[in-house]
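Just remember that the numbering used here sits 915 ahead of the position in the sequence shown, which is counted from 1.
We put the beta carbon where it would ideally sit given N, CA and C, even for glycine.
These figures come from a predicted structure and were not determined experimentally.
Okay, so here's the structure we're looking at.
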Amino acid sequence: MNTMRRKVLKGACGTSVLGVAAAAGLLQPMTTFAGWNKAGFESREMGAAMGSIGASGAAVSGDVSVKAPDIAENGAVVPVEVTSNIAGTESIALIGEKNTLPLIAVFNLSNGAQGYISTRIKMGSSSNVVAVIKAGGKTYKAHKEVKVTIGGCGG
């Protein structure tokens, strides 16, 4: 079979499947965006970002650990791991204290999920990476200072 014909058939089948799924109401991107914390992710101050996720009075906890490099050579890709040993961890948020837009990510965990995330973040300059944990209606936090030699947020 001609390879061009095969590509056209694959593309047509894929498009048809997506069309049927959309018509059946299985693809609803607006539902996904409905729960998006727009104000939090557009906040330009750490206090406002903390407030937007309900963490203004978060207590420092030894049961939360933030693992990140002491020195990040490139702020565009800083590996971060957060572990929460607090029972019933519902969410883990990451905040870059001196980032232009401090709220980096919010990970919502399902019941019984391990309180652990691993990701890469962007940092514009040296600052604290703050992890905020929600568990049992309370908020907890921990931080790790990361020195950035080359900025990743337009720096």
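Val993 bridges to which residues according to DSSP?
Ile1036
In angstroms with no decimal places, state the Cα-to-Cα distance between Pro1017 and Gly990.
14 Å
Just checking my contact of Thr1004 with Ala1050 at CB under 8 Å: how many whole Å lie between their CB atoms?
5 Å
Look at the alpha carbon of Ala1002 and the alpha carbon of Glu988, and state the distance between them as a whole number of angstroms.
35 Å
Excluding the five sequence neighbours on either side, which residues of its own chain have a C-beta within less than 8 Å of the C-beta of Glu960, listed in chain order?
Pro1017
Where does Met919 land, buried or exposed, given buried means 16+ other C-beta within 10 angstroms?
exposed
Of the residues Val1061, Ile1065, Tyr1055, which one's Cα is nearest the Cα of Ala973?
Tyr1055
According to DSSP, simplified to helix, strand and coil, what is Gly1070?
Low confidence applies to Gly1070: its pLDDT is 48, below 50, so where it sits in the model is not reliable, and the reading given next is rough at best. Gly1070: coil per DSSP, three-state reduction.
Beta-carbon spacing of Val979, Ile1036 below 8 Å
no
In this structure, how does DSSP classify Thr918 when only helix, strand and coil are distinguished?
helix
Quick check: the Cα distance between Ala1008 and Gly962, rounded to an integer number of angstroms?
14 Å
Close Cβ partners of Ala1057 (< 7 Å) along its chain, the five nearest in sequence each way excluded:
Val975, Ser976, Val979, Ser980, Val981, Ala1046
I need the straight-line Cα distance from Ser1025 to Thr998, nearest angstrom please.
15 Å
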